[in-house]
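This report concerns only the one structure given below.
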Amino acid sequence: MQPKPIALKILDVVSIISIAAATYLALFFAPTEAVMGQVQRVFYFHIGTAWVAMLGFILAAVAGIAYLVTKNMLWDRFEVAAVEVSAMFFFITIALGSIWARPAWNTWWTWDPRLTTAAVTELIYIAYFMLRQGIEDPEKRARFGAVYSLLGGLSAPITFMVIRLFRTIHPVVIGSQSAAAQGGFSMTTNMRTTFFFALFAFTVLFIDLIWHRIRLGGLEEKVEQLKLEASI
Amino acid sequence: MKKTSPSLLKATLAIVQKDLAAEFRSFELISAMLVFSLLVIIIFNFALELDIKTRQSVTAGVLWTTFAFAGTLGLNRSMAVEKDRGCMDGLLLAPVDRSAIYFGKAISNLAFMLIVEAVILPVYSMLYNVNLFRLDLLGVILLGSIGYSAVGTLLSTMSAQTRTREILLPILLFPVAIPVLLAAVKASNGLLAGAEFSEILTPLNILIVYDVIFIAVAFMVFDFVVEE
Amino acid sequence: MFLETIPDTSGYMIAGFGVCFAVMGIYILSMYLRGANLKRDAEMLESLQVENKKTKSKTDTAKKK
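Those protein sequence lines, which keep their order, are chains A, B and C.
Position in the first sequence (first residue = 1) + 4 = this note's numbering.
Position in the second sequence (first residue = 1) + 53 = this note's numbering.
Position in the third sequence (first residue = 1) + 26 = this note's numbering.
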């Protein structure tokens with residue numbers, strides 16, 4: 005692995021600062037929500053991680069198409085990075101959603117469409133890794149991975165459509181006048197600032213982690229290549 | 054004299070014909086799917102409290118779960134048979150557009166699923182005193198089965214080439230097929246409960262959208278997934 | 027809707043942020059560990075390669091004689 009480029013070092017620092025700032029905003033700057041109390045503060049990170057996860061899954065699908073068209077392994081490396089980092093963030097999304105649900109709806113989990121499909125989406129990406137693990141040939145692995153990340157990337161937005169169209173107890177925070185679902189709330193200015201800054205901070209962190217994972221992927225390929233040569 | 058390769062339609066139909074003919078000789082696939090489906094329904098009877106009231110709300114779910122599991126069985130076996138008999142290699146060598154192989158396999162897989170469903174529906178109707186012989190319900194079942202087969206055929210082609218083979222298919226298929234199953238269950242439920250058409254229209258639309266998107270994608274991508 | 031008191035859900039809040047940082051921390055740690063292991067493997071394999079080349083050139087020259 006080549007030495008860390010300066011841009012990445014800077015990005016590391018910026019990521020840490022951004023996340024720290026977002027944490028401060030979420031914990032202290034944003035007002036306490038009247039109905040749910042302090043737990044509502046996890047909402048900013050819940051949405052932040054959800055946003056980057058969804059972004060990542062879509063990027064993975066695009067990378068899949070790019071690989072199939074160009075056959076360039078760099079796209080495969082990017083795709084794996086996107087899926088892995090996004091799966092990690094989405095796990096946090098689901099966990100935070102569950103932690104928020106407990107005091108808000110008095111249950112750790114409900115099988116309402118949005119939560120169920122969030123779990124399903126996460127399972128798609130776990131399946132993605134199981135698929136890759138079952139293939140030894142790197143070229144075939146890249147091909148199959150690309151196809152599956154494309155299928156997954158199509159399934160995720162359809163899932164999102166299903167959310168909006170079916171009745172749900174999940175709060176619709178953005179774009180609703182009245183909090184028709186339980187636990188909804190409208191945002192004050194401070195909340196809005198925190199919200200958008202959290203989105204920004206997680207986007208920065210997301211790019212940083214993907215970059216690191218891509219570098220790791222390059223090292224993985226190098227070792228695999230060396231092992232192949234050694235076995236000849 | 055140069056022999057022109059058969060048209061896509063001809064090739065597709067030829068493959069469907071081959072699969073159906075082979076199956077009707079032995080019935081090993083359909084019989085296995087049928088027996089399995091019956092067993093699943095019986096297990097559901099023990100697993101769930103199916104008194105008259107709950108039966109109404111659960112019928113759609115039980116049916117689609119059964120179809121999904123039986124479908125997986127059929128998809129796996131159908132692909133395994135190709136590999137075992139070496140048919141796949143033969144098909145790949147033939148001067149035929151690869152998409153014909155995809156459409157052919159998908160249609161025959163769909164056919165097997167529909168045949169099994171055609172038997173299960175009357176059986177379930179009898180066992181639980183529910184009228185399932187409605188044209189609109191059959192339409193929903195058809196749409197759902199199409200989507201399931203379309204994705205399932207593509208994924209079974211992939212899983213057949215991995216180390217874990219058949220075990221991997223459900224893991225790959227179920228999460229991606231959830232929109233189909235969810236929409237199909239919602240639509241079926243709505244129909245059986247006599248809901249307003251506007252309520253059923255939404256899941257119906259999702260079914261159609263899903264079918265169109267995934268058939269198109271599977272057809273475009275199949276070439277990358279079939280063995281060299 | 028006017029509430030007398032805001033419920034104290036700070037325990038859940040701490041759990042939430044805790045989970046978030048724990049998972050991110052574990053992931054970053056796993057990337058670091060994987061990188062370290064791979065570097066070690068690469069070095070070992072590369073030195074093996076060098077040794078093989080040396081012994082190969084020795085046997086080649088031995089064969090020529």
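Glycine is no exception: its CB is placed at the ideal position from the N, C-alpha and C atoms.
Computed from a predicted structure; not experimentally measured.
Chain B contact for Leu-154/A (CB, 8 Å cutoff): Taking 8 Å as the threshold, the shortest C-beta distance from Leu-154/A to chain B falls below it.
At least 3 beta-carbon pairs within less than 8 Å: the region 241-252 of chain B vs the region 261-271 of chain B: no
Beta-carbon spacing of Gly-200/B, Val-169/B below 8 Å: no
Integer Cβ distance of Ala-271/B from Tyr-155/B, believed to fall under 8 Å: 7 Å
Within-8 Å CB hit, Ala-70/A to chain B: Chain B places no beta carbon closer than 8 Å to that of Ala-70/A, leaving this residue out of the contacts.
7 Å CB neighbourhood of Gln-229/A in its chain, flanking five on each side removed: Excluding positions up to five away in sequence, the list is empty.
Pro-161/A versus Ile-214/A: straight-line alpha-carbon distance, rounded: 22 Å
Under 8 Å between C-beta atoms of Leu-158/A and Ala-65/A: It is a contact, given that the beta carbons lie within the stated cut-off.
Unbroken stretches of the alpha helix (DSSP H), 4 residues or longer, contained in the region 17-65 of chain A: Fully enclosed alpha helix (DSSP H) runs of 4 or longer: not present.
Check whether Val-45/C and Ala-99/A have beta carbons under 8 Å apart: yes
Gln-6/A, DSSP secondary structure in three states: coil
Selection from Ala-146/A, Met-5/A, Ser-22/A, Phe-94/A that minimises the alpha carbon distance to Phe-61/A: Phe-94/A
Through-space distance from Glu-219/B to Val-73/A, alpha-carbon basis: 28 Å
Collapsed DSSP secondary structure at Met-86/B in the structure displayed: helix
Chain C contact for Glu-233/A (CB, 8 Å cutoff): The Cβ of Glu-233/A sits closer than 8 Å to at least one Cβ of chain C.
Rounded separation between Lys-144/A and Ile-128/A - CA only: Distance between the alpha carbons of Lys-144/A and Ile-128/A: 19 Å.
Nearest-angstrom Cα separation, counted from Tyr-132/A out to His-57/A: First, the amino acid is wrong: residue 57/A is Ala here, not His. Approximately 15 Å between the Cα atoms of the pair.
Buried/exposed call for Gln-186/A, threshold 16 Cβ in 10 Å: With a pLDDT of only 47 at Gln-186/A, under the threshold of 50, the placement of this residue in the model should not be trusted, and no figure is reported.
Reference Lys-239/B; option with closest CA among Phe-99/B, Leu-260/B, Leu-62/B: Leu-260/B
Gln-214/B classed as buried or exposed, judged by whether at least 16 other C-beta atoms fall within 10 angstroms: Gln-214/B comes out buried.
Val-172/B, enclosing alpha helix (DSSP H) - first and last residue: Run containing Val-172/B: 151-181, per the alpha helix (DSSP H) assignment.
Proximity of Gln-109/B and Leu-235/B at Cβ, strictly below 8 Å: no
Proximity winner among Leu-208/B, Asn-242/B, Arg-216/B, relative to Leu-226/B (alpha-carbon distances): Leu-208/B
DSSP state of Leu-66/B mapped onto helix, strand, coil: helix
Closer than 8 Å to chain C by CB, Thr-121/A: Not an interface residue.
Beta carbon proximity, Ala-41/C to chain A, threshold 8 Å: yes
Meets three-Cβ-pair contact criterion under 8 Å: the region 8-21 of chain A and the region 190-209 of chain A: They touch, by the three-pair rule.
DSSP three-state assignment for Ser-60/B, whether helix, strand or coil: Judged by DSSP in its simplified three-state form, Ser-60/B adopts coil rather than helix or strand.
Span of the alpha helix (DSSP H) around Met-39/C: 36-90
Whole-angstrom distance between Glu-126/A and Gly-68/A, CA atom to CA atom: 18 Å
Closest Cα partner of Gly-127/B within the set Ala-237/B, Leu-180/B, Gly-114/B, Met-166/B: Closest in alpha carbon position to Gly-127/B, among Ala-237/B, Leu-180/B, Gly-114/B, Met-166/B, is Met-166/B.
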